[in-house]
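Below is one structure, written out as structure tokens; comments come after it.
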Amino acid sequence: MRTNSATAIALLVSLSTSAAHAEEVTAWRLFISDHADPKVTVIDAIDGEKLDTFEIKGPASLHRSESGRTVFAVQGTAGVVTGIASGISFEDHGEHGDIDVEAPKLAGIEITGKKPSHFVEHDGDFAAFFDGEGVARIIDEKSVLEGKPDFREVKTDAPQH
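According to the working numbering, the sequence shown is numbered sequentially starting from 93.
Below is the structure:
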């Protein structure tokens, strides 16, 4: 893997609780997009173990969700945005929290269109802007994690670029 041609996102989910029987849990995952080969590699940042490698359609820019539960690979030249479940989720119960650590996986969601470029999140909704057609496709995190391609489109008068 070429360091100078890779993009990495570190996901950190940390839990510290005051309950006597609970333990402190920390999980770090690195998602690395290789710009030479169309793939995303996931590494456990604590022990350095490679957890998985996902073949995708093209070189990607990676975007992490606010919750840390999903990562999106925006592949502009391939015309697709691929959803990846990070395998890390956190549920806050006020006085304590629960962390669930599973294997990362492809979420089964691919949003396609001409020239995806901009990608933003607001309140659990993700908007993928397809500059080649003047459309934003919007999907929520729950749908991504359930593998449901339930997205809506917002059309603009013309493509942005």
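Beta carbons: idealized from backbone N, C-alpha and C, even for Gly.
Practice prompt. Return the first residue and the last residue of the alpha helix (DSSP H) that Glu233 is part of.
Written response: Indexing the sequence shown from 1 puts residue 233 at position 141. Judged by DSSP secondary structure, Glu233 falls within the alpha helix (DSSP H) whose first and last residues are 233 to 237.
Worksheet item: Whose C-beta lies closer than 6 Å to the C-beta of Arg229 among residues of the same chain, with five residues either side of it excluded?
Response: Along the sequence shown, read from residue 1 onward, the residue named residue 229 stands at position 137. Here the set comprises Ile203, Ala220, Phe243, Glu245.
Fill in: Alpha-carbon spacing of Leu198 relative to Ile135, whole angstroms
Residue numbering aside, residue 198 sits at position 106 when the sequence shown is read from its first letter. Residue numbering aside, residue 135 sits at position 43 when the sequence shown is read from its first letter. So the alpha carbons of these two residues sit roughly 15 Å apart.
Fill in: Asp236 classed as buried or exposed, judged by whether at least 16 other C-beta atoms fall within 10 angstroms
Here residue 236 refers to the residue found at position 144 of the sequence shown. A small correction: the amino acid at residue 236 is Val; Asp does not occupy that position in the sequence shown. Per the 10 Å Cβ criterion, buried.
Worksheet item: Taking Cβ to Cβ, would you say Gly171 is nearer than 8 Å to Pro208?
Response: Locating residue 171 in the sequence shown gives position 79, where the first residue counts as 1. Locating residue 208 in the sequence shown gives position 116, where the first residue counts as 1. Contact: yes.
Discussion item. Measuring only the C-alpha atoms, how far is Asp249 from Leu122?
Written reply: Numbered from 1 along the sequence shown, position 157 holds the residue referred to as residue 249. Numbered from 1 along the sequence shown, position 30 holds the residue referred to as residue 122. The alpha-carbon atoms of Asp249 and Leu122 are separated by roughly 38 Å.
Discussion item. With a threshold of 7 Å on Cβ separation, who are the neighbours of Asp232 within its own chain once the five nearest residues in sequence on each side are excluded?
Written reply: Looking up residue 232 in the sequence shown gives position 140. So the qualifying residues of the chain are Gly216, Asp217.
Worksheet item: Which value, in whole angstroms, describes the spacing of the CA atoms of Ile180 and Ala119?
Response: Start at 1 with the first residue of the sequence shown, and residue 180 comes out as number 88. Start at 1 with the first residue of the sequence shown, and residue 119 comes out as number 27. Whole-angstrom Cα-Cα distance: 8 Å.
Discussion item. For His210, which residues in the same chain have their Cβ closer than 7 Å to its Cβ, ignoring the five residues on either side in sequence?
Written reply: Position 118 of the sequence shown, counted from the start, is the residue given in the question as residue 210. Excluding residues within five positions, the ones whose Cβ falls inside 7 Å are Phe221.
Discussion item. Using the three-state DSSP reduction, which class does Gly168 fall into: helix, strand or coil?
Written reply: Sequence index remark: in the sequence shown, residue 168 carries index 76 (1-based). In the displayed model, Gly168 falls within a helix according to three-state DSSP.
Fill in: DSSP state of Ile180 mapped onto helix, strand, coil
As a working note, residue 180 is residue 88 in the sequence shown. Here Ile180 sits in strand by DSSP.
Worksheet item: Is the Cβ-Cβ distance between Val132 and Ile138 less than 8 Å?
Response: Reading the sequence shown from its first residue, position 40 is the one you call residue 132. Reading the sequence shown from its first residue, position 46 is the one you call residue 138. It is not a contact, given that the beta carbons lie outside the stated cut-off.
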